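Written out below as structure tokens is the structure these notes cover.
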Amino acid sequence: MFEKSGLYDPRFEHDSCGVGFVVNVNGAQSHQIVTDGITILKNLVHRGAIGGDSKTGDGAGVLLQIPHRYYSAACERLGFRLPDPGAYGIAMLFLPRDAGRRDAALAHARSAVAQEGGTVLGVRDVPVDPACLGEMARESVPHVSQLFVGFASLAGAELERKLYVVRKCMENAFSEHGFSIEDCYVVSLSAKTIVYKGLFVAPQFEIFYPDLADKDVESCFALVHQRYSTNTFPSWPLAQPFRYMAHNGEINTLRGNINKMAAREAILESALFGEDVTKLSPVVNPLMSDSAIFDNVFELLSLGGRSIEHAMMMMVPEAFGGRYHISRDKRAFYEYHAAVMEPWDGPAAVAFTDGVKVGALLDRNGLRPARYVVTKSGKVVLASEVGVLDIAPSEVLRKGRLAPGKMLVVDTHRCRIIHDNEIKASVSRRKPYRRWLESNRIELSGLFQAPGPVRFDPQALLVRQRAFGYTLEDVKMIIGPMAQNAQEPVGSMGNDAALAVLSDRPQLLYNYFKQMFAQVTNPPIDPYRENLVMSLMSYIGREGNLLEETPQHCHQLRLSHPILSNDDMDKLRGIDIEGMRACVLPMLFTPGETTLEQALDRLCRSAEEKIDAGYALLILSDRDVDDTHAPIPALLATSAVHHFLVRARKRQLAGLIVETGEAREVMHFATLVGFGASAVNPYLAFEIVAQLKDEGRLPESLRLENAIDQYITAVKKGLLKIMSKMGISTIRSYRGAQVFEAVGLNEVCIERCFPGTPSRIGGIGLTQIEEETRRRHGEAFRASPGMSEGLDSGGNIHQRRFSEKHLFAPEAVALLQQATRENDYEKFGRYTGIMNDSARNLCTLRGLFEFKPREPVPLDEVEPVESIVKRFVTSAMSLGSISPEAHETLAIAMNRLGAASNSGEGGEHATRFGGPANSAVKQVASARFGVTSAYLVSARELQIKMAQGAKPGEGGQLPGHKVDDVIAEVRHSTPGVMLISPPPHHDIY
Numbered sequence: 002m003f004e005k006s007g008l009y010d011p012r013f014e015h016d017s018c019g020v021g022f023v024v025n026v027n028g029a030q031s032h033q034i035v036t037d038g039i040t041i042l043k044n045l046v047h048r049g050a051i052g053g054d055s056k057t058g059d060g061a062g063v064l065l066q067i068p069h070r071y072y073s074a075a076c077e078r079l080g081f082r083l084p085d086p087g088a089y090g091i092a093m094l095f096l097p098r099d100a101g102r103r104d105a106a107l108a109h110a111r112s113a114v115a116q117e118g119g120t121v122l123g124v125r126d127v128p129v130d131p132a133c134l135g136e137m138a139r140e141s142v143p144h145v146s147q148l149f150v151g152f153a154s155l156a157g158a159e160l161e162r163k164l165y166v167v168r169k170c171m172e173n174a175f176s177e178h179g180f181s182i183e184d185c186y187v188v189s190l191s192a193k194t195i196v197y198k199g200l201f202v203a204p205q206f207e208i209f210y211p212d213l214a215d216k217d218v219e220s221c222f223a224l225v226h227q228r229y230s231t232n233t234f235p236s237w238p239l240a241q242p243f244r245y246m247a248h249n250g251e252i253n254t255l256r257g258n259i260n261k262m263a264a265r266e267a268i269l270e271s272a273l274f275g276e277d278v279t280k281l282s283p284v285v286n287p288l289m290s291d292s293a294i295f296d297n298v299f300e301l302l303s304l305g306g307r308s309i310e311h312a313m314m315m316m317v318p319e320a321f322g323g324r325y326h327i328s329r330d331k332r333a334f335y336e337y338h339a340a341v342m343e344p345w346d347g348p349a350a351v352a353f354t355d356g357v358k359v360g361a362l363l364d365r366n367g368l369r370p371a372r373y374v375v376t377k378s379g380k381v382v383l384a385s386e387v388g389v390l391d392i393a394p395s396e397v398l399r400k401g402r403l404a405p406g407k408m409l410v411v412d413t414h415r416c417r418i419i420h421d422n423e424i425k426a427s428v429s430r431r432k433p434y435r436r437w438l439e440s441n442r443i444e445l446s447g448l449f450q451a452p453g454p455v456r457f458d459p460q461a462l463l464v465r466q467r468a469f470g471y472t473l474e475d476v477k478m479i480i481g482p483m484a485q486n487a488q489e490p491v492g493s494m495g496n497d498a499a500l501a502v503l504s505d506r507p508q509l510l511y512n513y514f515k516q517m518f519a520q521v522t523n524p525p526i527d528p529y530r531e532n533l534v535m536s537l538m539s540y541i542g543r544e545g546n547l548l549e550e551t552p553q554h555c556h557q558l559r560l561s562h563p564i565l566s567n568d569d570m571d572k573l574r575g576i577d578i579e580g581m582r583a584c585v586l587p588m589l590f591t592p593g594e595t596t597l598e599q600a601l602d603r604l605c606r607s608a609e610e611k612i613d614a615g616y617a618l619l620i621l622s623d624r625d626v627d628d629t630h631a632p633i634p635a636l637l638a639t640s641a642v643h644h645f646l647v648r649a650r651k652r653q654l655a656g657l658i659v660e661t662g663e664a665r666e667v668m669h670f671a672t673l674v675g676f677g678a679s680a681v682n683p684y685l686a687f688e689i690v691a692q693l694k695d696e697g698r699l700p701e702s703l704r705l706e707n708a709i710d711q712y713i714t715a716v717k718k719g720l721l722k723i724m725s726k727m728g729i730s731t732i733r734s735y736r737g738a739q740v741f742e743a744v745g746l747n748e749v750c751i752e753r754c755f756p757g758t759p760s761r762i763g764g765i766g767l768t769q770i771e772e773e774t775r776r777r778h779g780e781a782f783r784a785s786p787g788m789s790e791g792l793d794s795g796g797n798i799h800q801r802r803f804s805e806k807h808l809f810a811p812e813a814v815a816l817l818q819q820a821t822r823e824n825d826y827e828k829f830g831r832y833t834g835i836m837n838d839s840a841r842n843l844c845t846l847r848g849l850f851e852f853k854p855r856e857p858v859p860l861d862e863v864e865p866v867e868s869i870v871k872r873f874v875t876s877a878m879s880l881g882s883i884s885p886e887a888h889e890t891l892a893i894a895m896n897r898l899g900a901a902s903n904s905g906e907g908g909e910h911a912t913r914f915g916g917p918a919n920s921a922v923k924q925v926a927s928a929r930f931g932v933t934s935a936y937l938v939s940a941r942e943l944q945i946k947m948a949q950g951a952k953p954g955e956g957g958q959l960p961g962h963k964v965d966d967v968i969a970e971v972r973h974s975t976p977g978v979m980l981i982s983p984p985p986h987h988d989i990y
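For the sequence shown, our numbering begins at 2 and goes up steadily by one.
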């Protein structure tokens, strides 16, 4: 694995692959199953990737039962004997090629075995043939060894648990002695299964590992994986399968999952592991891939006493919202476990095994394929596509595909194929989950507190608005429309305001963060059409031990969504239930007496002290801001406390509720939840809604309580949309997932308050954040009580004089219009000069760059202009986003130059096909606007869009008033009806 360098960071490694298994239902072991597994791998080779040397793959592997007869004979030839099957374990090891370092690593491995009371029966160097590998794979090929381990008094599940402990001890010893994962890696250590994998393509498999060609290598199943690294560097340890599973997909919520698992380790207890449970830390290795980390947790849950079906239902739950028709027992199972663990969310097809049962599962959205065939001879073949084994139609008993959220398991001991309904009915009735929930779950609606009106003092409200950086734009163009229409206001595309770090005006901390979005093989979700599988429900409070199941585990507060009203906050302040006490922690500091950093330290320590005192709900509040107390930026405080408690391993012991006057836009709520907030109360936004109602700026028929509800609804819709852009379905997964990138914060600030968040260009730190906060606070409270000028006008949405800088100044736009209308090149030159100066005037990052001069190339060595221009392509602007005249003019101009114009995704009028106004490049997008056979054949090049480009993760939107007769005719739609392209293009999967 590569170290962090430049813009590359191994944290972002994901992959998309081909996965499958073949299994004899009756449990009979045979070499044919191994051969079939390798055949499946070969037939999935197109789902993997091949390096530039045409021989190095991104990774391939197979997980088998231990072939005892083969290893028994091989070990006898080496001078040691193996006990009976199941009475010993085999560690498959990737070790250094250097003999000295390899001997040292083996010594640490032997020591780990001895430390746990085991015996090393012998060591075997696995025969390999590196000559078949590509150059890149050969350069990094490890030495492959097998360590045979015995524990005289252990067998079955007890032996598996002890071998797991031994492996964790080995890994920790390797790390402590300076060995990286690339140097020493335990591929598998089990008494049931063994994994062969590496950086090769499937046809090289049996050549590199001659073991697998031997007729005595037998198994009743073979679970295989062909890796395709979408944005990763290939690595021997990252090849799959891992020890329990193979995964085709991406975990979009990985950062949050890792943080939560780290916090849970502090309270892990297990009657099965006993004192050994302390040796299991760290459960996950954050340096590994998302699939490897998923396998780490799945392994813990399985060995901790749950069946593999149960563990998989916890980690990848199907959708179970109120609109789903599922049994009460199954819904209760998922509700209960929502209080135990968040989902590992993202597109996924997972094949898994414990050495006896083999199964597969799809994510709740079904964003990866999984097809299966059952043969009359008693085999089950499941893979990412059909046809991976050559099975005669007459031999097929039945076939099918996994549906979203569904599971299939083959139990080789019971000789049965078990389908989803039976699996989940059995698991969901293991414990009385429904009764536990009814007796222990706490509902907000059950906390009685007389609701009171939202009160406000206009002058005090104005002062607090200034202290929190509100502008007239916030009130009139954001909060007002949200309260009136129950949705975010829609504006024209493109934000040309200066980046926060480059602005001359004080900025809220939220503005330094940008949302990440799903891309390549990881699709966004459609929050409109796929709303059924999305959920804002969560549980907050004190979590229980992950390795136990008790009624107390669900003794938490259930929230239907994370936006709390003022009445909700009054209920929580007065909550008097055992194990669910709430306390308020002031989110304030005193300018001139304490620094922001000191205030953060005090707040974090106070949070830990309150948890130690038994409080399960921590309310971070800036309600008491006054002339001597300034608010700590809510996002800074929330993330700092969240990560402090994660490092202290206490985050899971309390819910974090943020009561702030700062949050008003959907992005604010998304960042607060994304950096750890369990719920948010935007009390000042509610007061502004009340003021708007009081002043008659909301419809008379709209009651105040309804206006506040509509504002909350708008935030909820916005949160679903932001989650969907990253392919995340549930708020439980989104909380703490940190799916943001910082632009303009320095490394010290990031490491202190936002660890794990990428910030590639550096920027300001806590000192500058404090200065901006003090400036806002000082200007708000220095104003005389009778000041009447009101709020600052803003200028971030609409450009105004003496306000925020914008790239497209009115003067520049006017010059461009004049230049084109008058065909005046001098004015066009002035326009480009203004634009270049604006970019350089600290509006954009590119404006900060300068061209590095180089020796010019003689003109006679350069291609002629006509050849160069042929490579030019206009950006894809659809008909509707620009006028028909502009769209057609671009096409004519590019055709005359010999270049290419791009139609965008809005179609093109049929009269242009084949003529001088024909767009050479035509797009096929998710909505298929204007796509006909004539449209397709008129193109020189077709672009099938993976997803939206201009609005990543969202659907393109054309307001109804822009859909005139011409646009409607081209798009085959109805005039006046708003058109929205679905965010993902699911056909590509």
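Here a beta-carbon is modelled for each residue, glycine too, at the ideal position from N, C-alpha and C. In this text the structure is predicted, and so the values were computed from the model without any measurement.
Helix, strand or coil for residue i, going by three-state DSSP, please let me know.
| i | result |
| --- | --- |
| Thr975 | coil |
| Ser789 | Because the pLDDT at Ser789 is just 49, under 50, the model does not fix this residue reliably, and the point stays unresolved. |
| Asp212 | helix |
| Leu304 | helix |
| Pro131 | helix |
| Pro587 | strand |
| Met2 | Any reading at Met2 must be qualified, since the residue scores a pLDDT of 46, below 50, and its modelled position is unreliable; the value itself is stated next. Coil. |
| Ala887 | helix |
| Asn232 | Note on Asn232: pLDDT 46, under 50, position unreliable in the model; the coordinate value appears next. Three-state result, Asn232: coil. |
| Arg761 | strand |
| Arg802 | coil |
| Val410 | strand |
| Val866 | helix |
| Arg415 | coil |
| Phe149 | strand |
| Lys400 | strand |
If we count the other Cβ atoms within 10 Å of its Cβ and call it buried at 16 or more, is residue i buried or exposed?
| i | result |
| --- | --- |
| Lys169 | buried |
| Leu8 | The pLDDT assigned to Leu8 is 49, lower than 50, so where the model puts this residue is not dependable, and the model offers no usable value. |
| Arg465 | buried |
| Gln241 | buried |
| Thr279 | exposed |
| Tyr799 | Here the sequence assigns His to residue 799, which means Tyr is not the residue at that position. His799 comes out exposed. |
| Gln711 | buried |
Quick one: residues in its chain with C-beta nearer than 7 Å to the C-beta of residue i, no 5 flanking neighbours on either side, listed in chain order?
| i | result |
| --- | --- |
| Ser974 | Val964 and Leu980 |
| Gln205 | Cys133 and Leu134 |
| Glu666 | Ile479 |
| Ala900 | Val870, Lys871, Phe873 and Val874 |
For a cutoff of 8 Å on Cβ pairs, would you count residue i as touching chain C?
| i | result |
| --- | --- |
| Ser271 | No chain C is present in this structure, which holds just one protein chain. |
Give me, in chain order, the residues of the same chain whose beta-carbon lies closer than 6 Å to that of residue i; leave out the 5 immediate sequence neighbours on both sides.
| i | result |
| --- | --- |
| Met788 | Reliability of the predicted coordinates at Met788 is poor, the pLDDT of 49 falling under 50, and no value is obtained from them. |
| Leu654 | Arg543 and Ile612 |
| Ala113 | Val167, Cys170, Met171 and Ala174 |
Using CA coordinates, which residue listed in the options is at the minimum distance from residue i?
| i | options | result |
| --- | --- | --- |
| Ser536 | Thr731, His226 and Leu448 | Thr731 |
| Ser927 | Met878, Arg972, Gly908 and His986 | His986 |
| Thr472 | Ile418, Ser868, Ala608 and Ala664 | Ala664 |
Q. Counting Cβ pairs, one atom from each stretch, are 3 or more of them under 8 Å apart for the segment 349-365 and the segment 309-329?
A. Yes, since at least three Cβ pairs between the segment 349-365 and the segment 309-329 fall closer than 8 Å, the two stretches touch.
Q.
For the pair the segment 524-535 and the segment 713-726, tell me if three or more CB-CB distances fall below 8 Å.
A. In this structure the segment 524-535 lies against the segment 713-726, because at least three pairs of beta carbons, one per stretch, are closer than 8 Å.
Q.
When you compare the segment 670-689 with the segment 629-645, are there three or more beta-carbon pairs, one atom per stretch, that lie closer than 8 Å?
A. The segment 670-689 is in contact with the segment 629-645.
**Q.** Cβ contact (3+ pairs, closer than 8 Å) linking the segment 22-37 and the segment 257-266
**A.** Cβ pair count under 8 Å is below three, so no.
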